[in-house]
Every structure is written in C-alpha cells, then in structure tokens.
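Numbering (this note's numbering), first residue to last: 42 to 229. For each residue, glycine too, the CB sits at the ideal point set by N, CA and C. Predicted model, so just to flag it, every value in this text is computed and none were measured. Data block below; observations after.
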Amino acid sequence: MTTHIPSSPEGVRIRDLTEADIPAAQAVMMRSVTEDFGATYDPVVHADIDDITGWYVEPDGPFLLVAEDTITGAVIATCGIRGGALKEGLSPEHLVERYRNGRTGQLVRVYVLKEHRRRHIARALVQAVLDRARTEGHYDTIALHTYPHSPGALPFWQSLGCEVVEDDVNGTTRAIFFELPLTERTSL
C-alpha cells in the first residue's frame, strides 16, 4: 500500500518503508534511542529494530512509514504501528491484559532526527499512520507510551489529544501510557 500525504511538511515526503530503506530506518531508530534516551541496545526491547521485515512488513496489520528528505533522499524519521500486545514483565500487567484482544495497535518508533525537528514531521507521520490504520480497519484503539525524559514528547502527545491511561513514571517502566481512539478521524 502506498501512503500519500498531501500535507507533508515542505521538503519532506512521507511514504511506506521499502526494503532498501531498512538500514537507514534502523540507523534513525538506534540514533534516537542512544542520543535522545541515553539508552544502550537491548535485544529484547529493540527486537523490532533488528527485524523490521518480520515486525512491520510481513505481518498483516503492522507497517512502518518513513519521512524522506526530498533534496537528499535520506530517511530522516520513522513511525509505525504493530499489534498492541505489550511485553509481559516490561509493562503494567493490567495494560498487557487490556491490549491482548488483538484490536489495539501500538504506535511505535516515532523518531525524527534532531536536525530535522520542529518542522511538524512527527505530526504528519502520526496522522499518516492513523489514517492508514483507520482505512485498513485492523485496530479500534491506538496505544502508545513515552518517557518524561524524551525531548518534547509529553507536550507533543498531549497536543494530539492523547488520553493518559497509566502514569507509571515512578513505577517499573518509568513511562506514561496513552490511547487514541480510531472510531472517528483524529485531526492532528
């Protein structure tokens, strides 16, 4: 499926991930993980980055979009959706159960390289993912989580009308969990 976004930010084209994009998408994701979160590689947490094809290309439902700089052709941002089941032991148990039904999509890997931020790329990517998810009909609700130390993340998600379903900042995950309903067009 080709995703066309007429309202993409100037100089940016949002499109489906191609096989040729995988190394660049992985580089964007790992750079964001290490620079923005100060995290180190974890094969459990980052399994989807290691196997983008297995997580986002082959299954029915999940997908990954990229933002491409129209001048250089470089992949500068990513955003995807996958089945909403959370990893047991890494997420609050009641949310693991809540999302086990198969009708929740997990909005993931919303990363924009630092030098391309403040251009509304993340907003356009999220809108494109939500529009496609709505059209394809695999999910009723979109869930996501973020961390308070992620640059600009909390104000960004709140500006999109995301509803907090769990604030675990002082718990095991140190994350805040949000949901977005897909029953009507979410205007970002």
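Legend entry - 6 Å Cβ shell around glutamine 147 - same chain, five flanking residues per side excluded: Arg123, Gly125 and Ala184
Inset, instruction - Taking all protein chains shown into account, decide if isoleucine 217 is buried (16 or more other Cβ within 10 angstroms of its Cβ) or exposed. - result: buried
Legend entry - Test item: CB-CB of isoleucine 55 and leucine 166 under 7 Å: yes
Inset, instruction - Report yes if the CB atom of valine 69 is closer than 7 Å to the CB atom of valine 116, and no otherwise. - result: yes
Legend entry - Contacts around histidine 154, its chain only, beta-carbon distance under 8 Å, and the 5 residues preceding and following it disregarded: Sequence inspection shows leucine at residue 154; the histidine mentioned does not correspond to that position. Taken in chain order, the residues that qualify are Val69, Arg72, Ser73, Ile117 and Ala118.
Inset, instruction - Alpha carbon to alpha carbon, how far is tyrosine 82 from threonine 75? Give it in angstroms, no decimals. - result: 8 Å
Legend entry - Cut-off 8 Å between Cβ atoms - residues of its own chain near isoleucine 93, not counting five sequence neighbours on either side: Leu58, Ile63, Ala66, Gln67 and Leu105
Legend entry - Identified DSSP bridge partners for cysteine 203: Answer is none; cysteine 203 lacks a bridge partner.
Legend entry - Nearest-angstrom beta carbon gap, leucine 127 and alanine 174 [assumed within contact, 8 Å]: In fact, because the Cβ distance is near 18 Å, the residues do not count as touching under 8 Å.
Legend entry - valine 170 in three-state terms, based on DSSP: helix
Legend entry - Assigned secondary structure, isoleucine 112 (DSSP; H/G/I helix, E/B strand, else coil): coil
Inset, instruction - From the DSSP output, in three-state form, read off tyrosine 152 for me. - result: strand
Inset, instruction - Would you kindly report the start and end of the unbroken alpha helix (DSSP H) that includes threonine 75? - result: 63 to 78
Inset, instruction - Spatial neighbours of alanine 80 within its chain, please: CB distance less than 6 Å, with the 5 preceding and 5 following residues excluded, ordered by chain position. - result: Val74
Legend entry - histidine 45 versus alanine 108 - alpha carbon distance: In this prediction, histidine 45 scores a pLDDT of 45, lower than 50, which makes its location untrustworthy; no coordinate-derived value is stated.
Legend entry - Simplified DSSP state of histidine 157, which is helix, strand or coil: helix
Inset, instruction - Would you check whether the ligand ZN has a heavy atom nearer than 6 Å to the C-beta of alanine 66? - result: Annotation note on the ligand ZN: not contained in the displayed structure, which lists no ligands.
Inset, instruction - Give me the Cβ distance between proline 133 and threonine 214, rounded to the nearest whole Å; I'm assuming they're in contact under 8 Å. - result: 7 Å
Legend entry - Separation of histidine 87 from tyrosine 180, as counted between CA atoms: 23 Å
Legend entry - Boundaries (first-last residue) of the alpha helix (DSSP H) holding arginine 139: 134 to 139
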